[in-house]
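The opening residue of the sequence shown carries number 1 in UniProt numbering; numbering runs sequentially from there.
Here is the structure we will look at.
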Amino acid sequence: MKKERMVPVGTRSLLLSLLAVVGYVTGLDWDSIITTDSGILFFDQNWTQVSSGGHQFQHISAFAYDEVKQKLYFSDLKDPKFRIFSLDANPQEEYHKVTKLLPKSDETAYITGLVFDHLERKLYWTERGTHALYSVEVDKIGNGTDAGSLISTVTKVEDNHDLAGLAIDECRRHLYWTNSYLQTSNVVRATMAGKVLNSHTEDVYEPKGIAVDHYSNRIYWVEKKFGRAFSIQSVNLEVEDVKTFISENDKAPTHVALNSRYLYWVDQQVGEVHETLKSDSTQSRVVYRGNRPTAIIIKSALLLNHQNNNPSCKSVIAKILDNVKRESEGELPQADKPTSTKPEMIICLNNGILNHNTNSCICLPEYQGNFCEIPICNNYCVHGKCVIGRDNRPTCECDAKFEGERCDRSKCDGFCLNSGNCSFSDATATCACPKNFSGKRCETAICTSDYCYNGRCMVEEGGSPKCQCNVGYRGERCEEYTCNNYCLNDGKCVLNNETMLVECRCGAEYTGKRCEIPKRFCSLDTGNPELQPYCDGIQLSSQQQQQQQQLVEPQISYCKNSFNRTVVYASLAFAASLFILMVILLIVRRFYEEGRPRITKRFKVTSNHTQMTSRPATQCEITIENCCNMNVCETPCFDTNLLQKSSSKAEDKQYLLDDIENIAGSYRKLPSCAGGDKNLP
């Protein structure tokens, strides 16, 4: 029977206090690892270097991380005897322990990709020289067995394939690798046994590093394009739905890694590591610049924590945690159990599992802390309900009037602009705007700075703007100068300093408010009261009096150049008479003009011959004029020679008669009358 680790509450508090006093910390202080040509560098979440190790290694080509035992597995291509090593990835130790695992051989000569499977506790790697994929059970290495004999061949590829990057989907049990040979380059999905399921080949040029994003269920890889170009591409887990994440020039990316928010990629050309926001690829920054980085690992506790609530990973993670628990309780053989000088006493609270390999706790999704003593949702949401997401992170379902990642901000905070007062109406923020502003958030000024051109803008009761113009201006928006065209008859417009109104200074001939009244009108007894204020005290000059007299007793005079109606009327009568005379002459001439002679010559045909018409007669006869008019026989009406001649009427008639008499001429008798006798009437 398994023993339950049950500790009273008082004892738990005492133990926690004791551990705090002695400074015992089981959590790791690093968040990311970068391998370079001069060693392995550890960084915290702010990308501050906290530790380093493995400085004796000069060409680390690939590495993988074991979350259960917190070990780093890597390959160095310049070591003369060994190819795969392990390093205890605990930066709290003064020196990182490095263990040699696999010697140099045909299977390990040129390793390009390396991944670790927590369920079977195997290392998988791609080897370029033999064009093959290999694996080994790491827990069996170092037990007196020849390490080389433990290597298994997973699959071999064609000789015209260059195996580059390697990635693993532990939840769905798939392997992914890239082939960077230009003529056959592709991205491949296979089973854990190496059976190829499908691949992506379209527009793939020279792919390299590859990684699985469990947060979005996609695959990302870096790819060198033609010339100076490169790109970062992605597909779904079935190697479909291709998307371009980044496409730029003048960089040489080789490796890629991800967490829930960012994508990290290594640029060996300038020695940089870039951090790019997954939701917006334009948001990017350089988090490391230094000695030739080769690869990067982001510690996100992805397998043991963040994937606990992922349905696709639940069964796999449950098996992994069960193996850890059984090994900790002695039911499974413990390989390479580390010896530690730290206190052996550790208790995992809230059903946490003790990992004897690291002497630390693996917590349930709802808890965190070194001993799983802190509920993740404890005081996390200020005004809302806390929910644990699929990535094992707390999220808040906020109350109606609050928002923010932790529901710590009222919807009214900063909602109303320009000193508007915010209030709620059915959980919706609304604004009561000050007098000079309008809009949903009081964002629109009613009186803008340029509304009144020469005056001050004021808001009326109805909320509409109104201009109070400066002195000397008028108009709806004070756009018009008051003196413009105000004074008539050359009057001068001035501003009265006392009344602040415009006035007109009229000339000698005019008076009135706008100089619109001639002074000579002032002596007329019109009885118009409107003239009195402007005519009082005005004395007319002799010339003005004379003009006034002309207005009183008008005299009729005629202009020498005035319009003469008699001349016009006489001209029109003459033209009309001439027109009538011409019409009469034309009518008379037409009346007395001789007409064209009528042709009356006939042909009589006897009954012995075929008649021309169907009428019942013993003879048929037809006049030449009818032939002409009816166009039933050939007639001289259409003689072109006659048309071209210019002859008198008598000659025309003679030509016509001669042509008819001439039987041998151009015009023949009608066929129906050919046998008859010809008689003239």
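We treat Cβ as the ideally placed atom computed from N, Cα and C, and that holds for glycine.
What does the Cβ neighbour count give for residue 533, buried or exposed, with the cut at 16 atoms within 10 Å?
Translated into positions along the sequence shown, residue 533 becomes position 533. Exposed, because fewer than 16 other Cβ atoms sit within 10 Å of the Cβ of residue 533.
In terms of residue numbering, what span does the beta strand (DSSP E) encompassing residue 85 cover?
Numbered from its first residue, the sequence shown carries residue 85 at position 85. Its beta strand (DSSP E) spans residues 82–88.
Looking at residue 37: is its Cβ nearer than 7 Å to the Cβ of residue 370?
Against the sequence shown, residue 37 aligns to sequence position 37. Against the sequence shown, residue 370 aligns to sequence position 370. Not a contact, by the Cβ cut-off of 7 Å.
Could you tell me which of 388, 381, 393, 418 sits nearest to residue 402, measuring between CA atoms?
Within the sequence shown, the letter at position 402 stands for residue 402. The shortest C-alpha separation from residue 402 is found at 381.
Does residue 64 come out as helix, strand or coil in the three-state DSSP assignment?
For the purposes of this step, residue 64 is taken as the residue at position 64 of the sequence shown. The answer is strand: DSSP assigns residue 64 an E or B state.
Assuming contact is defined by CB atoms lying nearer than 7 Å, are residue 121 and residue 98 in contact in what I supplied?
The residue you call residue 121 lines up with position 121 of the sequence shown. The residue you call residue 98 lines up with position 98 of the sequence shown. Contact flag unset, no.
Do residue 431 and residue 442 count as a contact pair if the criterion is CB distance below 7 Å?
Here the question's residue 442 lines up with position 442 in the sequence shown. Here the question's residue 431 lines up with position 431 in the sequence shown. Their beta carbons are under 7 Å apart, which means residue 442 touches residue 431 by this criterion.
Once you ignore the five residues that flank residue 385 on each side, which residues in its own chain have a CB closer than 6 Å to its CB?
For this step, residue 385 is matched to residue 385 along the sequence shown. Once the five neighbours on either side are set aside, the close Cβ partners of residue 385 are 397.
Tell me which residue opens and which closes the beta strand (DSSP E) that residue 424 is part of.
Mapped onto the sequence shown, residue 424 falls at position 424. Looking at the DSSP string, the run of the beta strand (DSSP E) that includes residue 424 is 421–425.
Going by DSSP, which residues form a beta bridge with residue 78?
Taking the first residue of the sequence shown as 1, we reach residue 78 at position 78. The partner list for residue 78 (beta bridge, DSSP) is empty, contrary to what the question assumes.
With residue 275 and residue 284 assumed to form a contact (beta carbons below 8 Å), what rounded beta-carbon distance in angstroms separates them?
Within the sequence shown, numbered from 1, the residue matching residue 275 stands at position 275. Within the sequence shown, numbered from 1, the residue matching residue 284 stands at position 284. Their Cβ separation, rounded to whole angstroms, is 7 Å, which keeps residue 275 and residue 284 in contact under 8 Å.
Decide yes or no for the touch test of the region 140–156 against the region 39–51: beta carbon pairs closer than 8 Å, at least 3 of them.
Because the criterion of three Cβ pairs below 8 Å is not met, the region 140–156 and the region 39–51 do not touch.
Nearest CA to the CA of residue 356: which residue from 68, 653, 578?
Here residue 356 refers to the residue found at position 356 when the sequence shown is read from its first residue. Checked all of 68, 653, 578; the closest Cα to residue 356 is 68.
Give a yes or no on whether the C-beta atoms belonging to residue 60 and residue 42 are separated by under 7 Å.
One-based indexing of the sequence shown puts residue 60 at position 60. One-based indexing of the sequence shown puts residue 42 at position 42. Going by C-beta atoms, residue 60 is not nearer than 7 Å to residue 42.
Report the start-end ranges of each beta strand (DSSP E) in the region 106–183 that is 3 residues or longer and not cut off at the edges.
Qualifying beta strand (DSSP E) stretches, in chain order: 111–117, 122–127, 132–137, 152–156, 163–169, 174–179.
Answer with buried or exposed for residue 55, where buried requires no fewer than 16 other C-beta atoms within 10 angstroms of its C-beta.
Here the question's residue 55 lines up with position 55 in the sequence shown. The residue in question, residue 55, is exposed, as its Cβ has fewer than 16 Cβ neighbours within 10 Å.
Output the distance between the C-alpha atoms of residue 317 and residue 116, rounded to the nearest integer angstrom.
Counted from its first residue, the sequence shown places residue 317 at position 317. Counted from its first residue, the sequence shown places residue 116 at position 116. Roughly 14 Å separates the two Cα atoms.
Measuring only the C-alpha atoms, how far is residue 229 from residue 162?
Residue mapping note: residue 229 aligns to position 229 of the sequence shown, counting from 1. Residue mapping note: residue 162 aligns to position 162 of the sequence shown, counting from 1. C-alpha separation (whole angstroms): 20 Å.
Helix, strand or coil for residue 533 per DSSP?
For this step, residue 533 is matched to residue 533 along the sequence shown. Helix at residue 533.
Below 7 Å between beta carbons: does that hold for residue 238 and residue 231?
In the sequence shown, the residue the question calls residue 238 occupies position 238. In the sequence shown, the residue the question calls residue 231 occupies position 231. Contact flag unset, no.
Just list the residues that DSSP pairs residue 221 with in beta bridges.
Residue mapping note: residue 221 aligns to position 221 of the sequence shown, counting from 1. Answer is 210, 233.
Going by C-alpha distance, which of 294, 266, 278 is nearest residue 286?
Reading the sequence shown from its first residue, position 286 is the one you call residue 286. Out of 294, 266, 278, 266 has the C-alpha closest to the C-alpha of residue 286.
Distance, Cα to Cα, residue 489 vs residue 433?
Locating residue 489 in the sequence shown gives position 489, counting from the first residue. Locating residue 433 in the sequence shown gives position 433, counting from the first residue. Residue 489 and residue 433: Cα-Cα distance of roughly 52 Å.
Between residue 193 and residue 174, how many whole angstroms is the CB-CB distance? I'm expecting something under 8 Å.
Your numbering for residue 193 matches position 193 in the sequence shown. Your numbering for residue 174 matches position 174 in the sequence shown. Not a contact, Cβ separation roughly 11 Å.
Out of 130, 288, 493, which has the shortest C-alpha to C-alpha gap to residue 272?
For the purposes of this step, residue 272 is taken as residue 272 along the sequence shown, with counting starting at 1. Residue 272 has its Cα closest to that of 288, out of 130, 288, 493.
Report back the beta-carbon spacing between residue 682 and residue 388 to the nearest angstrom; my notes put them in contact at under 8 Å.
The structure shown has nothing for residue 682, since the chain only spans 1 to 681.
To the nearest angstrom, how far is the alpha carbon of residue 504 from that of residue 491?
Your numbering for residue 504 matches position 504 in the sequence shown. Your numbering for residue 491 matches position 491 in the sequence shown. Roughly 6 Å separates the two Cα atoms.
Taking the alpha carbon of residue 311 as the point to measure from, which residue in 106, 250, 171, 58 has its own alpha carbon closest?
Position 311 of the sequence shown, counted from the start, is the residue given in the question as residue 311. Checked all of 106, 250, 171, 58; the closest Cα to residue 311 is 171.
In the DSSP assignment, the alpha helix (DSSP H) including residue 580 goes from what residue to what residue?
As a first step, residue 580 must be located in the sequence shown, where it is residue number 580. Start and end: 565–592.
Cα-Cα, which of 379, 279, 258 is closest to residue 295?
Taking the first residue of the sequence shown as 1, we reach residue 295 at position 295. Measuring from the Cα of residue 295, the nearest candidate turns out to be 258.
Measure the C-alpha to C-alpha separation of residue 123 and residue 64 and round it to an integer number of angstroms.
Here residue 123 corresponds to residue number 123 of the sequence shown, with the count starting at 1. Here residue 64 corresponds to residue number 64 of the sequence shown, with the count starting at 1. Those two C-alpha atoms are separated by around 8 Å.
Measure the C-alpha to C-alpha separation of residue 682 and residue 39 and round it to an integer number of angstroms.
Lying before the first or after the last residue shown, residue 682 is absent from the chain, which here runs from 1 to 681.
Looking only at its own chain, which residues have a Cβ that is under 6 Å from the Cβ of residue 320, when we skip the five neighbours before and after it?
Along the sequence shown, one-based indexing puts residue 320 at 320. Excluding sequence neighbours, residue 320 sits near 118, 119.
So, with DSSP's three-state summary, where would you put residue 503?
If you number the sequence shown from 1, residue 503 lands on position 503. In the structure shown, residue 503 sits in a strand (DSSP, three-state: E or B).
If I measure Cβ to Cβ from residue 339 and keep anything under 7 Å in the same chain, skipping five residues before and after, which residues do I get?
The count along the sequence shown starts at 1 and reaches residue 339 at position 339. Model confidence at residue 339 stands at a pLDDT of 48, short of 50, so the residue's coordinates are unreliable; what they give is reported in the following sentence. Answer for residue 339: no residue qualifies.
Drop a sphere of 10 angstroms on the beta-carbon of residue 129, count the other beta-carbons inside from all chains shown, and report buried for 16 or more, exposed for fewer.
The residue labelled residue 129 in the question sits at position 129 within the sequence shown. So residue 129 counts as exposed.
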